[in-house]
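Shown next, in structure tokens, is the structure this report addresses.
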Amino acid sequence: MQQDILINWAPQETRVAVVEHGAVQELHVERTLERGLVGNIYLGKVSRVLPGMQSAFIDIGMERAAFLHVADVWQGHAEGEMPQRQAQPLVPIEKQVFEGQALMVQVIKDAIGTKGARLSTQVSIAGRLLVYLPQDDHVGVSQKIPPEQRDALRTRLQALIGERAEGGGGGFILRTNAEDASDAQLADDIAYLRKTWNRIRQQALQLPPKSLLHQDLDLLQRVLRDLAGEETASIRIDSREQLKRMQDFSAEFMPAAANKLQLYSGERPIFDLYTVDEEIARALGRRVDLKSGGYLIVDQTEALTTIDVNTGGYVGARNFDDTIFKTNLEAAQAIARQLRLRNLGGMVIIDFIDMVREDHQTQVLAEFRKQLARDRVKTSSGGFSPLGLVEMTRKRTRESLAHMLCEPCPCCQSRGVVKTPRTVTYDILREILREARQFNPREFRVVASPRVVELFLDEESQHLAGLSDFIGKPISLQSEVAMGPEDYDIVLL
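Counted from 1, the sequence shown has number 54 at position 54 by full-length UniProt numbering; the numbering is strictly sequential.
In structure tokens, the structure reads:
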């Protein structure tokens with residue numbers, strides 16, 4: 001299926017939309033200030049060795065020195081043996097590094113609070129399908145790939161590495177998403193990773209200590225590495241400067257994508273072409289309307305995501321069974337798309353509308369799996385449970401769209417609902433009574449949202465007057481527009 005990739009670039013944020021037949025299928029967002037250092041490779045300088053802690057501090061040009069523990073020092077190993085970093089005892093750190101030494105290191109954990117970044121001297125470079133271990137000779141396969149497929153994949157990979165040994169040695173780990181990759185795709189990834197490592201080694205010889213040798217790919221480069229493929233018709237970006245960067249990267253590592261790069265210079269913002277901003281707004285909401293009149297309710301929690309399918313106002317089919325079937329078929333397509341748009345990972349439970357006929361269930365399940373097969377992220381789905389639910393999993397690759405763009409609501413404390421104005425008025429009446437038993441002010445003043453004050457002046461005015469008579473103190477009201485629906489203050493005057 002042919003696709004177009006639209007890129008909206010700004011100094012603070014890069015946004016990417018993958019569009020197929022006029023509909024947005026994927027959204028990717030990266031913010032400049034939120035990019036970490038994990039994966040970056042530096043030529044560090046050892047500033048201090050601490051034998052007592054079996055660690056060293058390495059200056060990589062950051063505000064704080066980074067931390068290297070002896071367990072993260074790559075000590076090499078003889079062919080056929082396990083790395084020494086897994087053996088006991090480890091060679092003491094003071095016998096491996098010394099102050100002032102230039103050392104190639106990779107960030108494995110970002111700085112947190114007052115602690116500097118954590119480093120390793122074992123370099124690994126992630127590609128689209130493989131992870132390259134230039135200091136190793138091990139060929140591994142992701143544990144998430146079924147055991148019966150691992151041996152065949154390992155044999156294929158070893159053959160490809162041997163055929164292209166002129167590019168350099170090193171070990172490889174086959175990632176989960178390479179389970180169905182062709183030999184040509186694997187060969188391209190091997191060539192890309194070895195070329196990247198050669199460039200890193202050359203820079204390590206030319207640049208001074210505290211230099212950045214390799215930065216983990218940003219979103220623009222990952223578009224070329226991970227998103228662009230044979231089905232991509234065009235990659236349009238609205239920045240001439242960033243287009244040049246992508247062209248340079250493509251010419252060196254991804255030549256097949258070079259002729260697909262285009263500069264967008266239209267008057268309208270690039271995301272207006274396919275109403276991408278509207279799609280983002282809809283992808284942050286709970287309700288997703290279907291063309292038939294039905295709708296989905298999507299609820300994302302810490303443990304799992306639930307999706308409920310409803311017929312809504314759809315009554316277009318000849319009988320009720322057909323109505324349910326047609327709604328579920330459309331929902332199957334929409335759910336697969338929403339998983340990609342929202343980047344929902346982990347466990348997902350789907351409550352399709354109950355179907356009496358078994359052939360309807362089979363067709364809905366087949367359509368759902370067909371749509372999931374288009375996902376570039378690994379998914380796994382079961383059949384209908386005895387309760388009529390479909391359970392599935394989708395691999396977590398990054399933060400979901402909602403977690404990236406939103407934060408918990410300060411008004412409802414993430415409950416998703418707020419108290420009604422009437423509930424708040426009754427809370428206030430109880431609080432005034434409690435305060436009157438402890439204090440003896442001249443007057444009580446209630447400061448609350450306009451809706452709460454309006455209710456006190458109208459329907460709850462009798463209860464407010466009765467409380468004022470009971471405590472023998474006047475109660476005044478003050479409306480505050482800036483207050484949340486549940487917020488209020490009781491001021492003692």
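Beta carbons: idealized from backbone N, C-alpha and C, even for Gly.
If you follow the alpha helix (DSSP H) that residue i is part of, which residue opens it and which one closes it?
i: Thr-187; result: Position check: residue 187 holds Ala in this sequence, whereas Thr was assumed. Ala-187 -> alpha helix (DSSP H) spans 183–206.
i: Met-246; result: 240–253
i: Leu-220; result: 219–222
Quick check on residue i: buried or exposed, where buried means 16 or more other Cβ atoms within 10 Å of its Cβ?
i: Thr-14; result: buried
i: Tyr-426; result: exposed
i: Glu-330; result: buried
i: Met-392; result: buried
i: Leu-213; result: buried
i: Met-483; result: buried
i: Ser-449; result: buried
i: Leu-6; result: buried
i: Asn-440; result: exposed
i: Glu-81; result: At Glu-81 the pLDDT is 36, less than 50, meaning the model places this residue with poor confidence and gives no usable figure here.
i: Thr-397; result: exposed
i: Phe-352; result: buried
i: Arg-118; result: buried
If we ignore side chains and look at the alpha-carbon of each, how far apart do residue i and residue j end up?
i: Tyr-488; j: Val-123; result: 56 Å
i: Cys-411; j: Ala-402; result: 18 Å
i: Phe-456; j: Ile-475; result: 11 Å
i: Asp-308; j: Phe-271; result: 30 Å
i: Phe-444; j: Leu-304; result: 46 Å
i: Gly-61; j: Lys-244; result: 28 Å
i: Lys-144; j: Val-418; result: 42 Å
i: Leu-220; j: Ser-239; result: 11 Å
i: Lys-473; j: Gln-462; result: 15 Å
i: Ser-47; j: Val-38; result: 21 Å
i: Glu-431; j: Ala-283; result: 40 Å
i: Val-276; j: Pro-89; result: 56 Å
i: Glu-20; j: Gly-266; result: 20 Å
i: Met-104; j: Pro-209; result: 9 Å
i: Pro-146; j: Ile-173; result: 15 Å
i: Ser-479; j: Arg-268; result: 43 Å
i: Phe-320; j: Ser-468; result: 58 Å
i: Val-49; j: Glu-99; result: 6 Å
i: Ser-211; j: Glu-241; result: 24 Å
i: Lys-195; j: Met-254; result: 12 Å
i: Asp-289; j: Leu-193; result: 44 Å
i: Val-18; j: Leu-405; result: 18 Å
i: Asn-198; j: Phe-249; result: 15 Å
i: Arg-434; j: Ser-414; result: 28 Å
i: Pro-386; j: Thr-176; result: 31 Å
i: Ile-280; j: Leu-27; result: 8 Å
i: Lys-256; j: Ile-235; result: The amino acid occupying residue 256 in the given sequence is Ala; Lys does not appear at that position. Answer to the nearest angstrom: the Cα atoms are 12 Å apart.
i: Ile-350; j: Glu-460; result: 44 Å
i: Gln-215; j: Ile-200; result: 10 Å
I need the DSSP call for residue i, collapsed to helix, strand or coil.
i: Leu-119; result: strand
i: Glu-26; result: strand
i: Gly-466; result: helix
i: Val-49; result: strand
i: Gln-478; result: strand
i: Lys-291; result: coil
i: Ala-436; result: helix
i: Ile-428; result: helix
i: Gln-2; result: coil
i: Phe-368; result: helix
i: Asn-177; result: helix
i: Gly-162; result: helix
i: Thr-114; result: coil
i: Phe-456; result: helix
i: Ala-97; result: Going by the sequence as given, residue 97 is Val instead of Ala. In this structure, Val-97 counts as coil in the three-state DSSP scheme.
i: Leu-109; result: Reading off the sequence, residue 109 comes out as Lys, not Leu. Looking at Lys-109 - three-state DSSP - the assignment turns out to be strand.
i: Phe-271; result: helix
i: Ser-414; result: coil
i: Ala-126; result: strand
i: Val-298; result: strand
Tell me where the beta strand (DSSP E) around residue i begins and ends.
i: Asn-444; result: Per the sequence shown, the amino acid found at residue 444 is Phe instead of Asn. Start and end: 444–448.
i: Phe-320; result: Phe-320 -> not in any beta strand (DSSP E); alpha helix (DSSP H) instead, spanning 320–342.
i: Ala-17; result: 13–20
i: Phe-172; result: 171–174
i: Asp-489; result: 488–492
i: Val-213; result: What sits at residue 213 in the sequence shown is Leu, not Val. Counting along the chain, the beta strand (DSSP E) containing Leu-213 begins and ends at 211–214.
i: His-69; result: 66–69
i: Glu-391; result: 390–394
i: Asp-308; result: 304–310
At least three beta-carbon pairs within less than 8 Å, the region 197–216 to the region 27–34: Not touching, per the Cβ criterion.
Stretch pair the region 115–132 + the region 178–195: three plus CB contacts closer than 8 Å: yes
Cβ pair count under 8 Å reaching 3, the region 364–380 against the region 330–348: yes
Given 8 Å, three or more beta-carbon pairs between the region 285–298 and the region 318–328: yes
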